[in-house]
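Here's the structure we're looking at; comments come further down.
There are 2 protein chains.
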Amino acid sequence: MKLEKKETQISELGEFGLIEHLTKSIKIKNGTTIKGIGDDAAVLDYNNKKILVTTDLLVEGIHFNLIYTPLKHLGYKAVAVNLSDICAMNGVPRQITVSIAISKKFTVEAIEELYEGIRLACDKYGIDLIGGDTSSSLTGLLISVTAIGEANETDIVYRSGAKVNDLICVSGDLGAAYMGLQLLEREKHVFTENSKPGSYRVQPDFSGHEYILERQLKPEPRIDIIKKLTEININPTSMIDISDGLSSELMHICKNSNVGCKIYSDKIPIDITTCNMANEFNIAPETAALNGGEDYELLFTVSLKEYEKIKNLKEISVIGNIIDESDGMNLISDDGKQIPITAQGWNGLTQNE
Amino acid sequence: MKLEKKETQISELGEFGLIEHLTKSIKIKNGTTIKGIGDDAAVLDYNNKKILVTTDLLVEGIHFNLIYTPLKHLGYKAVAVNLSDICAMNGVPRQITVSIAISKKFTVEAIEELYEGIRLACDKYGIDLIGGDTSSSLTGLLISVTAIGEANETDIVYRSGAKVNDLICVSGDLGAAYMGLQLLEREKHVFTENSKPGSYRVQPDFSGHEYILERQLKPEPRIDIIKKLTEININPTSMIDISDGLSSELMHICKNSNVGCKIYSDKIPIDITTCNMANEFNIAPETAALNGGEDYELLFTVSLKEYEKIKNLKEISVIGNIIDESDGMNLISDDGKQIPITAQGWNGLTQNE
Chain A
8 MKLEKKETQI
18 SELGEFGLIE
28 HLTKSIKIKN
38 GTTIKGIGDD
48 AAVLDYNNKK
58 ILVTTDLLVE
68 GIHFNLIYTP
78 LKHLGYKAVA
88 VNLSDICAMN
98 GVPRQITVSI
108 AISKKFTVEA
118 IEELYEGIRL
128 ACDKYGIDLI
138 GGDTSSSLTG
148 LLISVTAIGE
158 ANETDIVYRS
168 GAKVNDLICV
178 SGDLGAAYMG
188 LQLLEREKHV
198 FTENSKPGSY
208 RVQPDFSGHE
218 YILERQLKPE
228 PRIDIIKKLT
238 EININPTSMI
248 DISDGLSSEL
258 MHICKNSNVG
268 CKIYSDKIPI
278 DITTCNMANE
288 FNIAPETAAL
298 NGGEDYELLF
308 TVSLKEYEKI
318 KNLKEISVIG
328 NIIDESDGMN
338 LISDDGKQIP
348 ITAQGWNGLT
358 QNE
Chain B
8 MKLEKKETQI
18 SELGEFGLIE
28 HLTKSIKIKN
38 GTTIKGIGDD
48 AAVLDYNNKK
58 ILVTTDLLVE
68 GIHFNLIYTP
78 LKHLGYKAVA
88 VNLSDICAMN
98 GVPRQITVSI
108 AISKKFTVEA
118 IEELYEGIRL
128 ACDKYGIDLI
138 GGDTSSSLTG
148 LLISVTAIGE
158 ANETDIVYRS
168 GAKVNDLICV
178 SGDLGAAYMG
188 LQLLEREKHV
198 FTENSKPGSY
208 RVQPDFSGHE
218 YILERQLKPE
228 PRIDIIKKLT
238 EININPTSMI
248 DISDGLSSEL
258 MHICKNSNVG
268 CKIYSDKIPI
278 DITTCNMANE
288 FNIAPETAAL
298 NGGEDYELLF
308 TVSLKEYEKI
318 KNLKEISVIG
328 NIIDESDGMN
338 LISDDGKQIP
348 ITAQGWNGLT
358 QNE
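See below:
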């Protein structure tokens, strides 16, 4: 006997019922949260700290495809990408608001799954969910998250502080999220083709590709890197998170800091599984790292004098250095050729990215 | 010769171009805004004030119909409804983030118009636009606004502070926005019917109805009321803004304060043009006030001892008083009958409303 999964229409709970249902288990974790969900606005107290605010929109069919994105992962990711933006200011994320627009195809259980992912990310990173808006939509799902964080004034790192001779560093590895997306798209296509009448149905083949899939479906904000840098007393001169690909983010830092850059192809950290998948797709792994998006690693610059401190740090790669603005933005290839970097925005249209 | 209005495809500007284009004229107005648009997150400084945060989502086809909603008004309203939530906490709004998802049917000029309305509201109320996210959507337009404001701890007014014997007050008049919506819907219907082949086309007839239309299309946050109450030294015991209709908001206050209420039908402020339109539609004007939404007036309670101060205040009506929880929520009709109030959410599904 097959166990039927319970499906509840949202109309059964009603509007206030749904909100109550989704938010009843939310407990406040931060001392800065005076009042969360349940009034016209949330109330926060940051004392003498500076406040950081960022917002991101995820739209079905544009930023995610529910064919291969589990709702729980989607909820987690929607939170993670916003926390990543607070990290990129060298701040500590504390609160989020979550607004969702949902069409009739979603049941209460589906939205619960989404919230399960939101809650998981909030729990993992000690974040309070303090408000939101839940609305109908005529088509599809849309999630809008705003994250709020804190920092001491002197600790905040902008995109604009890179200086000539600074070292350019990235955390983790790049290109994996992009290759994960390529794999998901390919298997979706294979699955769709094989689902046609008369075709032999095959299940998607994801074995051995767990890393790149997880990088695409469940990115993590690098709060650990921010903490590590603070511990060893390094304040980056500039920083940004890599949501649109390395090229695009380098361009933001160079443009805002009025500098140029030189990075070395062989220094770009790329996981072996990313390389393998890139080879399968006939994509140069560096291209995935430079132009693929959604790794949510940190790109930052530090003063040259920090080299000894940074060079052996786990999960940090020094990939190049800042040069004069007039010398442009360049990639030095494995065979020593100098290639100008052109930025390709990825999912873009973002004001605080 | 007809002057053609210039229409620019968004793809002509590109993603960064569009953001640059829409945000280049934005100037910071508040000392609390350290850094607005242009980095991973905005930076705010509230010193020792408490911070208020609220968010609202407006979805095409659910919250607005572009057939009769000019984009400029829509932008204005998206900001206004969020500022209203900050007011409802007795706070001063200072910053907003705006995220929009736009489908291909919108041109650059259309989005400019939307932003023109956003800018107008920001200018009128001294608000800084500090960030956002601009994304594609497969269908229609969606606007997500988060507003941030400030208040001294002792000034913040929650929904939960109403006490037995407190006076129940509302600002302005109620039901007009709802009747404005009914009129727009009727004229849309007439227009659609008359646009069928063979029909004689008529233009919608809105003359004489400017007030109710403006109430629906261009609501104003009652910052003036908040200021007035502060001036005459009245701190409400509880407060909420009327977005879903008087019944629903009364229910929120009573539920959160563990009290009941008694309001008098003949004390509910309703504009004569609202009454006339309600009569045309065979709707009792009180019903429009009680169950219609989107007036964005303030519903608040004050201690009985403030009666002398409040009774002659322009644009404030005392409509009843707080009673014991066990006595329920009641409307006293013109002929003295006691009718239990049942709340009907209007566009609901909101966590911080």
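Residue numbers (this note's numbering), protein chains in the order written: chain A, 8 to 360; chain B, 8 to 360. Just so you know, even glycine gets a beta-carbon here, dropped at the ideal spot from N, CA and C. Remember, it's a predicted structure, so these values are computed and weren't measured experimentally.
For residue i versus residue j, is the C-beta distance shorter than 7 Å?
i	j	result
B:A85	B:I329	no
A:I219	A:T161	no
B:G147	B:R101	no
A:L59	A:I17	no
A:I272	A:E293	Rather than Ile, the amino acid found at residue 272 of chain A in this sequence is Ser. Taking 7 Å as the Cβ cut-off, A:S272 and A:E293 qualify as a contacting pair.
A:I152	A:N240	The sequence shown places Val at residue 152 of chain A, not Ile. The answer is no: Cβ separation not under 7 Å.
A:L64	B:S143	no
B:I175	B:L136	no
A:A117	A:A87	no
B:A184	B:D278	no
Does residue i get closer than 7 Å to chain A when you measure Cβ to Cβ?
i	result
B:W353	With a pLDDT of 39 at B:W353, under the threshold of 50, the modelled position of this residue cannot be trusted, and the question is left open.
B:E14	no
B:T161	no
B:T40	no
B:S340	no
B:M96	yes
B:Q358	Only weak support exists for where B:Q358 lies, its pLDDT of 42 falling under 50; the coordinates are left without a value.
B:S106	yes
B:T153	yes
State yes or no: is the beta carbon of residue i nearer than 7 Å to at least one beta carbon in chain B?
i	result
A:L20	no
A:K112	no
A:D92	yes
A:Y271	no
A:M8	The pLDDT assigned to A:M8 is 48, lower than 50, so where the model puts this residue is not dependable; a value taken from the coordinates is nonetheless given after this. Chain B contact via Cβ: absent.
Of the choices the options, whose alpha-carbon is the least far from that of residue i?
i	options	result
B:K34	B:K318, B:D130, B:L78 and B:A183	B:D130
B:S254	B:V164, B:I346, B:K36 and B:A49	B:I346
B:E238	B:L320, B:E200 and B:K111	B:L320
A:V115	A:A128, A:R126 and A:T15	A:T15
B:G138	B:K235, B:L121 and B:I26	B:I26
A:M96	A:L305, A:M336, A:L191 and A:K318	A:L305
B:K13	B:E120, B:T62, B:A296 and B:D46	B:E120
A:G133	A:S178, A:G179 and A:A154	A:A154
A:I326	A:E332, A:S333 and A:I317	A:I317
A:T30	A:G45, A:I41, A:T40 and A:F307	A:G45
B:D248	B:V266, B:G300 and B:N265	B:G300
A:N177	A:L188, A:S245 and A:D212	Contrary to the premise, residue 177 of chain A reads as Val rather than Asn in this sequence. Ranking A:L188, A:S245 and A:D212 by Cα distance to A:V177 puts A:S245 first.
B:I41	A:T308, A:N159 and A:E200	A:N159
A:K361	A:I230, A:G124, A:H70 and A:F71	For residue 361 of chain A there is no data in the structure shown, the boundaries of chain A being 8 and 360.
A:Q189	A:E322, A:Y75, A:G43 and A:M258	A:Y75
A:K56	A:V99, A:V197 and A:V266	A:V99
A:N242	A:D251, A:I232 and A:S250	A:I232
Just reading off the alpha helix (DSSP H) that residue i is part of, what are its end residues?
i	result
B:E293	P292 to N298
A:I118	V115 to Y132
B:D92	L78 to C94
A:S255	L253 to S264
A:Q223	E217 to L224
A:A285	I279 to E287
A:E315	Y314 to K318
In the DSSP assignment, find the beta strand (DSSP E) that holds residue i and state where it starts and stops.
i	result
B:S324	I323 to I330
A:K42	T40 to K42
B:Y271	G267 to Y271
A:N337	M336 to I339
B:K235	Note, B:K235: premise wrong, no beta strand (DSSP E); alpha helix (DSSP H) at I230 to E238.
B:K57	K57 to V66
B:I175	L174 to S178
A:A108	V99 to I109
A:L306	L305 to V309
Near-chain B residues of the stretch 62-88 of chain A - C-beta to any C-beta below 9 Å:
For the stretch 62-88 of chain A, which is checked against every Cβ of chain B, the residues closer than 9 Å are T62, D63, L64, L65, V66, E67, G68, I69 and H70.
Near-chain A residues of the stretch 45-59 of chain B - C-beta to any C-beta below 9 Å:
Cβ contacts with chain A: G45, D46, D47, A48, A49, V50, L51, D52, Y53, N54, N55, K56, K57, I58 and L59.
Closer than 7 Å, Cβ to any Cβ of chain B: which residues of the stretch 136-151 of chain A, in chain order?
Of all residues in the stretch 136-151 of chain A, I137, G138, G139, D140, T141, S142, S143, S144, L145, T146, G147, L149 and S151 have a Cβ within less than 7 Å of some Cβ in chain B.
Residues of the stretch 225-253 of chain A with a CB closer than 7 Å to any CB of chain B: list them in chain order, please.
Within the stretch 225-253 of chain A, those residues whose Cβ lies closer than 7 Å to any Cβ of chain B are, in chain order, I247 and D248.
Mind checking the stretch 163-189 of chain B against chain A and listing, in chain order, the residues whose C-beta falls within less than 7 Å of any C-beta there?
Here the close residues are I163, Y165 and R166.
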